[in-house]
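To keep things clear, I will list the structure first and then write my remarks on it.
There are 2 protein chains.
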Amino acid sequence: MTQDLRAFLKQKADNLRIHSIISTSEAASGHPTTCMSAADIVATLFFHAMRYDRHNPHNLNNDRFILSKGHAAPLLYAAWAEAGIISVDNLLDLRRIDSDLEGHPTPRLDWVDVATGSLGQGLSIGVGMALNGKFLDKSDYRVYVLMGDGESAEGGVWEAVALASYYKLNNLIGIVDVNGRGQSGPTMYGFDIDSYCRRFESFGWNTIAIDGHNLDDILSALDSAKASAIQPTMIVAKTIKGKGVSFVEDKEGWHGKAIPKGEQLDAALDELGPLGSNGGFQIETPAVPSNQAAAEMREVAPPDYRIGEDVASRSGYGAGLAKLGDANPQVVALDADVKNSTYAEQFMEKHGNRYFEMFIAEQNLVGSGIGLSKCGKVPFVSSFAAFLTRSADQIRMSAISQANIKYAGSHAGISIGEDGPSQMGLEDLAMFRTLPGSVVLYPSDAVAAERLVVEAARHEGIVYIRTSRPKTPVIYASDEHFPIGGSKTLREDSNDVATVVAAGVTLNEALKAYDQLKSEGISIRVIDLYSVKPVDTESLLRAAAVTNNTLITVEDHYREGGIGDAVLDAVASCGVKVHKLAVTSLPRSGKPDELMEQHGISAASIVRKVRETI
Amino acid sequence: MTQDLRAFLKQKADNLRIHSIISTSEAASGHPTTCMSAADIVATLFFHAMRYDRHNPHNLNNDRFILSKGHAAPLLYAAWAEAGIISVDNLLDLRRIDSDLEGHPTPRLDWVDVATGSLGQGLSIGVGMALNGKFLDKSDYRVYVLMGDGESAEGGVWEAVALASYYKLNNLIGIVDVNGRGQSGPTMYGFDIDSYCRRFESFGWNTIAIDGHNLDDILSALDSAKASAIQPTMIVAKTIKGKGVSFVEDKEGWHGKAIPKGEQLDAALDELGPLGSNGGFQIETPAVPSNQAAAEMREVAPPDYRIGEDVASRSGYGAGLAKLGDANPQVVALDADVKNSTYAEQFMEKHGNRYFEMFIAEQNLVGSGIGLSKCGKVPFVSSFAAFLTRSADQIRMSAISQANIKYAGSHAGISIGEDGPSQMGLEDLAMFRTLPGSVVLYPSDAVAAERLVVEAARHEGIVYIRTSRPKTPVIYASDEHFPIGGSKTLREDSNDVATVVAAGVTLNEALKAYDQLKSEGISIRVIDLYSVKPVDTESLLRAAAVTNNTLITVEDHYREGGIGDAVLDAVASCGVKVHKLAVTSLPRSGKPDELMEQHGISAASIVRKVRETI
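Quick mapping for you: the protein sequence lines, in order, are chains V and C.
Counting from 1 along the first sequence, just add 346 to a position and that's the residue number in our numbering.
Counting from 1 along the second sequence, just add 346 to a position and that's the residue number in our numbering.
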């Protein structure tokens, strides 16, 4: 490194420290010391190593930077200010309700791809972006992920580490800022840099230990990383929390604390000296790729089933996804070693280059999906509904990241039968409904499943598709359509005495109940609530109005958070009576029909409930 | 190993294979081939290496065995049959609805401590049991965890691996059954035994590679493990899926598939030969520890606050937990590097020997808690409410494990303020309410928090306590009690025109709204719904009956799955109108008051809603 470059980067790093301190002091909260430990690394990345278009955050050839240690947000904002992307004055608005400079980064800001702040998630997102660069876009951008040492205890990190090595993601560069201090005490390994290195190495990474405040070290490590032909690179940087201000350096009690304005702030700024010049640097700008604008989605081949034939909705999901892949080259699929159960394998068989096997590691499955979504892809991420709970936090963060991601959970409910409760998704509707802005779809046959896959792809944002294991009769003609937010009133008569609202396997039970009651001269209305969120309030209210102000819901899900609650919420302020049939106790192994009867969601249970309410 | 012992164990292993095949064939489903790869290991453990009281599964000195690869359940059941614990005839009831021999193990069976079947969770549970043996009970039992190779991709495994090494759990012995095959294809590393070994070694484990079908290898590895003075031991065993039956050995398409009865089953049994003698072995039996019966809980010191003083409920949690620790020696606390935010540190300061720092690894935090609960401890597991979603699957499995575990989530809701959405727990009530049999508590002041900690400890089962970050006025006298399932009607008058139901920070807002409306001559009823599950239906209906058949709920949680839905569910079939005030869009950083106003859950919002409804 030249003397000039060294001096320049050193000043940039100190500028970043000064901004981080001032902005958090102004906000009277935040994490300045964790910014200070990483300032030299970030300065070297943003003002020398990384290649990006300062005028276009959405240039798909930009190098990507993910601040996995999201509490260092002020450092990131400071880097943009120093790069001339935002104004220095803006930094003083940190954490204010009218500012997008939030306490942890979110994509309210154009330059933030993904929300961070729940630790240990950044590397998985980086894996997704690196998979995209290497295998899909074939772009030579690199993905940099800055992590804290504390967060490397998160298992999700090691899922990402294993997969990055498996897929030889040499375009992925992780940096661990080892400042030795967590929030409430020392980290597990303190400054044992060797421990970190041994572990990353054992997982097949190019691993480099450096002094994180030595600019030559940082630069040469980044050069080595760029030269890696096969391996992803992990740079393990020994740093000092609060570096640059003696009275906070490596001190307890300064984790989530701003330096108070007045004497202490003045002393800190004195030590760091004045802000240096803001300009005089060049950042290499990549060209915008020619395929930057996504192609229009072509017409998707329609479903092709015979009414009455027995097909599982999960099979419809797989068939629909494979067809969607024909029509939309942006669609990719990821699965966690259950592709032969979710039927994601149907997509894999047709579009192997756009399928990624993520093995039994659901956190990284979802994190990588988020990363892919931020590269313009439309990822369909599938596993058993039960096992998507393994990535509940990543799914939660995908909402804050405003990701365009589609989740598919198969083997919903007790109707999976003998495998027992560990494999039964009974809380997935609750989990996905809770996410702000999410769409939750629940097809009752293979036609609906295929159509809803297409609807999911067309909808920008988070969509969950719930599928079932058992084969059930196809009930819809192949030209039927299923708009998000709609429902299907499948049985309707002026003499209806009750309305049954169902979806998935219980819709089939409701139709059986209809037949039985019909034979006894009792007429009921049956609604297929395939769109659980948003829900078709109008149809529900219309039905309730003619059936004694009462609705009966029936679902293969726990009583809390599923179809019953979606219906209750829709009619909450209208005084409609809702009777919920749902799973209310811990299920066990058994045959699907036995279990549905035992838990009161079978056709017979519906018949009993109808008789009870009329 | 003597020739006799070798012959004996070999026959036992083949017996296990025969039982596993027959029972799954009889059930016509299940995973026989994964049983066959592990049969030699399990035979050596159960009939030679392990020490346990065949007549007392609850002897606290028993060695523990956790079948992390839960789909090998038939192998486990076969081992008990061969040990004379259950009858061989019972094995034929596998997976039947009237049998406790479920598709994956659950504690419906006395000899199963924890449910498995969601992969990658067993080792964490083993960590909890090993922590108990080494640091609390100071018993010399060992904990054996049998894992599959596919599940070692799960991050939760690596959280456990790191922590076991940190705490020097030499009483923990893991065994990876490397049969190279997952459900839908080869595992990430196939038969690359070295890869596994390098990784476990790098994390500080005593690591031993063996041929998993060589009994001498298995025995000598177990001897080495028993001799380990400091390190936990991982035995990496190369095996063959389906070992013993040539036409399924290492073959695709035989993961979750029984061998069909008839020709194929006959051929398989022919290859394995006849069942050998069932007896002729000795299992070393440990003595029952003298402190086996848990001590009675003593009186817990009462809260001591002044009404009106500002205290955060999370602070009440910490104080209450510390006092509970005085009264009950079985109480332990675990936290994930946020003990100074959850206030678990108050327990740590008083009872350091019963506090375990689990670092930033929430899956292992919960898994270890489950393990501790199964050793008779009463674990209180705390983190930010938002970050408990990281262990949603472990929490789900804790319900199936019927664990006696207490969860505490702090920093609930938007009222945390400037740290922003990644740190806000807004879906935790939905997550915990969904669990069958769970109790969900939400104190509104420090007195309630202290009391509810004690209630949680007294209740056998899963309890969630939700606490808040901001300081709010103490509203209860220190002698107030808070039974589970109750509520407090804090404001009540014969002229009430509306009922507001709240808990946590919004209760404080409701009381402010009451004051303001009162000054305008409008009287409202205010209910503190501190027990969100079970919910006090009677009080809700009574209030609705006198306030226009209407309830207004207000909560610092997303609209789905929280207080509003709990109330709606309680009154669902009664036609009561419920107006829900809740967070309905993605929040951002800002001051707590600003955010509560922006999202419509402030006192002013309540006042507006009351005016609207009357």
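Cβ coordinates follow ideal geometry from the N, Cα and C atoms, glycine included.
All of these numbers come straight from a predicted model, not from anything done at the bench.
A contact is defined here as three or more CB-CB pairs under 8 Å, and the stretch 613 to 632 of chain V fails this definition with respect to the stretch 655 to 665 of chain V. Between S369(C) and L469(C) a beta carbon distance of about 27 Å is seen, past the 8 Å cut, so the two are scored as non-contacting.
Sequence-distant Cβ neighbours of S948(V) in its own chain, meaning closer than 8 Å and more than five residues away, are E855, D939 and M942. Residue range K923 to V929 is occupied by the beta strand (DSSP E) that includes H925(V).
Per DSSP, N552(V) is one residue of the beta strand (DSSP E) stretching across N552 to D557. Here the alpha carbon of G602(V) sits roughly 32 Å from the alpha carbon of N552(V). Looking at the DSSP output, P532(C) bridges to R527(C). For the 8 Å CB-CB criterion, P635(C) and N407(C) form a contact.
Counting along the chain, H805(C) sits inside no beta strand (DSSP E), nor does DSSP assign it H or E at all.
Using a Cβ distance threshold of 8 Å, I751(V) and S371(V) do not count as a contacting pair. The three-state reading of DSSP puts G463(V) in coil, since its state is none of H, G, I, E or B.
Taking C-alpha positions only, D538(C) is separated from G479(C) by approximately 33 Å. At least one CB atom of chain V sits nearer than 8 Å to the CB of F733(C). DSSP places F354(V) within a helical segment (H, G or I) once states are collapsed to three. Boundaries around F726(V) are those of the beta strand (DSSP E), V724 to F730, since no alpha helix (DSSP H) includes it. Per DSSP, reduced to three states, the secondary structure at G520(C) is strand. Residue contact check for Q577(C) against chain V: no CB pair falls below 8 Å. Judged by DSSP in its simplified three-state form, H757(C) adopts coil rather than helix or strand.
Neighbours of E958(V) in chain C, taken as residues whose beta carbon is under 9 Å from its own, are absent, since the nearest beta carbon is some 10 Å off. Rounded to the nearest whole angstrom, the CA to CA distance from A613(V) to I367(V) is 11 Å. Between D739(V) and R779(C), the C-beta gap is not smaller than 8 Å, which leaves the two residues out of contact. Counting the other CB atoms within 10 Å of its CB gives E796(V) a total of 16 or more, which places it among the buried residues.
The secondary-structure analysis by DSSP pairs L787(V) across a beta bridge with I811(V) and S877(V). Contact between the stretch 483 to 490 of chain V and the stretch 407 to 416 of chain V is present: 3 or more CB-CB pairs across the two stretches fall below 8 Å. The C-beta of F593(V) has fewer than 16 other C-beta atoms within 10 Å across all chains shown, which makes the residue exposed. By the neighbour-count criterion, in which a residue is buried when 16 or more other Cβ atoms sit within 10 angstroms of its Cβ, A395(C) is buried. Looking at E958(C), T579(C) and K597(C), the one whose alpha-carbon comes closest to that of T379(C) is K597(C).
Around the CB of N517(C), 16 or more other CB atoms lie within 10 Å, so the residue is classed as buried.
The alpha helix (DSSP H) runs lying completely inside the stretch 832 to 867 of chain C and spanning 4 residues or more are 851 to 865, given in chain order.
By the beta-carbon neighbour count (other beta carbons within 10 angstroms, threshold 16), Q467(V) is buried. The beta carbon of I811(C) is closer than 8 Å to those of Y663, K752, Y753, A754, G755, L787, Y788, P789, A795, L798, V799 and A802 in its chain, skipping five residues each way along the sequence. Under the Cβ criterion (8 Å, minimum of three pairs), the stretch 865 to 873 of chain C does not count as touching the stretch 761 to 775 of chain C. A918(V) reaches chain C at G910, L914, K923, V924, H925 and K926, counting residues in chain order whose Cβ is nearer than 8 Å. Sorting L391(C), A506(C) and V872(C) by C-alpha distance to the C-alpha of T893(C) places V872(C) at the top.
Annotation: the continuous alpha helix (DSSP H) that includes K955(V) extends over A949 to T959.
In the structure shown, G771(V) adopts extended strand secondary structure according to DSSP, grouped into three states.
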